[in-house]
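Below: the structure, in structure tokens.
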Amino acid sequence: MWGLVPLFWPLLKPAGSVEILAHRMVWSLAIVLIALLFVRRWAWAGELIRSPRKLGLITVAAAVITINWGVYIWAVNSGQVVEASLGYFINPLVTIAMGVILLKERLRPAQWTAVGIGFAAVLVLAIGYGQPPWISLTLAFSFATYGLVKKKLNLGGLESLAAETAVQFLPALGYLLWLGSRGEAAFGAHGAGHAALLAATGIVTALPLVCFGAAAIRVPLSTLGLLQYLAPVFQFLLGVWYFHEAMPPERWAGFALVWLALITLTWDALRTARRNRAEALRLAVQAQAQAPVPPREPAA
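Residue numbers (our numbering): 39 to 338.
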């Protein structure tokens, strides 16, 4: 769903990117509240309200995801799907870099190699474009920051989205009402079908997140990480073969370097996971061998 969403945003024209973004915020909250009514999970709200620190983190998360959503919608509707997909290819590398800089995490040699290759890819693309790939970098850094905040927040996906869209709701609704008062709103001005599509932005936002949350507790983390590469792959393929965006040699070179970095990262993650499983199995066998044998009961 995330990979195919570039097909959806152009359907919302002639609505502008900011109006689409505002509708996405308003309708996402409506959809999430309906989902919460269905699952009856409300205890988290009271805990959140009583924690100023968590409220601050929710506000930061809402701000950075607003930037991410807005830039992505604008990029797709302005014919820059390929560069938008690059942002989500770069995102894992930015996340790793943030872990080193902000959380003082230590990297394995293969991870350092992947980050270095990713940095080289950005340089190649910057030279090819004549400027840094700002759309890709904004998407990558905003989503990596969002992930970092969510890690510190430690709140479920559905609950977190409800809180974030609650923060976004009033500004978004205010903008839509202001737009309507000026007679510039697209909602309702282009028929019921177009209005329904704008309302469907809530489903388009919430449904993949709900599926992701359900998958996260059923699928191994290594598999989940690999599956997340499908979204930018689909976006890239749509940009090249459906939207017919230009792919000069320097852009292919930059993407090839990014893919090499991701292959290195994935290989290292799989190797480490396999090694950790083998070590856990060895320790379990060793512990079992060292366990005391219970004495036999004397025969009657």
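Note that CB positions come from ideal geometry on N, CA and C, so glycine has one too. These numbers come from a predicted model, not from an experiment.
Point to revise | Cβ neighbours of residue 117 in the same chain (closer than 7 Å, five flanking residues each side left out) | key: 281 and 283
**Study point:** Spatially closest choice to residue 205 from 77, 41, 40 and 98, by CA coordinates
**Key:** 98
Review point. How long is the line joining the alpha carbons of residue 136 and residue 95, rounded to whole angstroms?
Key: 17 Å
Practice item. Starting from the N-terminal side, write out each stretch of the alpha helix (DSSP H) that is 4 residues or longer and does not extend beyond the segment 101-168. Key: 119-141 and 147-167
Practice item. Kindly give me the distance between the Cβ atoms of residue 134 and residue 184, rounded to whole angstroms, as I take these residues to be in contact under 8 Å. Key: About 15 Å; that fails the 8 Å criterion.
Check your understanding: Do the segment 144-153 and the segment 179-198 make contact, defined as three or more Cβ pairs closer than 8 Å?
Key -> no
Exercise for review: Using the Cα positions of residue 168 and residue 174, report the straight-line distance between them to the nearest angstrom.
Suggested key: 15 Å
Practice item. Starting from the Cα of residue 110, find the closest Cα among 162, 52 and 48 and give me that residue. Key: 48
Practice item. Leaving out five residues on either side along the sequence, give the residues of the same chain with a beta carbon under 7 Å from the beta carbon of residue 299. Key: 131, 152, 155, 156 and 159
Check your understanding: Which runs of the alpha helix (DSSP H), 4 residues or longer, sit entirely within the segment 167-203?
Key -> 172-191
**Study point:** Supposed close pair residue 176, residue 105 - CB separation, criterion 8 Å
**Key:** 7 Å
Practice item. Compare the beta carbon distance of residue 200 and residue 71 with 9 Å and say whether it is the shorter of the two. Key: yes
Point to revise | Rounded straight-line distance, which links the Cα of residue 250 to that of residue 125 | key: 20 Å
Exercise for review: Give the straight-line distance between the Cα atoms of residue 217 and residue 312, rounded to the nearest whole angstrom.
Suggested key: 55 Å
Check your understanding: Which residues mark the beginning and the end of the alpha helix (DSSP H) in which residue 66 is found?
Key -> 55-77
Exercise for review: To the nearest angstrom, report how far apart residue 55 and residue 211 are at their CA atoms.
Suggested key: 15 Å
Exercise for review: Answer yes or no: do residue 246 and residue 64 have a C-beta to C-beta separation smaller than 9 Å?
Suggested key: no
Exercise for review: Pick out whichever of 120, 45, 214 and 73 has its Cα sitting closest to the Cα of residue 62.
Suggested key: 214
Point to revise | Residue nearest to residue 171 in terms of C-alpha spacing, selected from 140, 119, 219 and 209 | key: 119
Practice item. Compare the Cα-Cα distances from residue 190 to each of 327, 92 and 231 and report the closest residue. Key: 92
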